[in-house]
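Notes follow the structure.
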């Protein structure tokens, strides 16, 4: 059985220092990406989360759209 830390993906990312975990809509991509991101952070990697949205973001006020990204403490 493959555990999360022993997954072949982590072998491919072993030499990386910064990793982007990105999803493409639906909301479930966040739930799938979070365990990967947290595991990578536990390994000392700098991880950024990104998401492509299909929502009409132009309806949000300008100050909401221009907020800087939030840092996840680890």
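Residue numbers (my numbering): 491 to 564.
Even for Gly, the Cβ is constructed at its ideal location relative to N, Cα and C.
These numbers were taken from a predicted model, which means no experiment stands behind them.
Beta bridge counterpart(s) of residue i as assigned by DSSP
i           : result
residue 513 : 541
residue 508 : 536
Given residue i as reference, the closest of the options once Cα atoms are compared
i           : options            : result
residue 500 : 513, 541, 544, 529 : 529
residue 520 : 546, 542, 536      : 542
residue 512 : 523, 506, 518      : 523
residue 507 : 497, 498, 527      : 527
residue 496 : 533, 537, 538      : 533
Classification of residue i by the beta-carbon crowding that lies within 10 angstroms, buried from 16 upward
i           : result
residue 549 : exposed
Supposed contact pair residue j and residue i - C-beta distance, whole angstroms, cut 8 angstroms
i           : j           : result
residue 503 : residue 540 : Not quite, the Cβ-Cβ distance comes to about 16 angstroms (not below 8 angstroms), so this is no contact.
Reduced DSSP secondary structure (H/G/I, E/B, other) of residue i
i           : result
residue 527 : helix
residue 566 : A query on residue 566 cannot be resolved here, the shown segment of the chain reaching from 491 to 564 and no further.
residue 503 : coil
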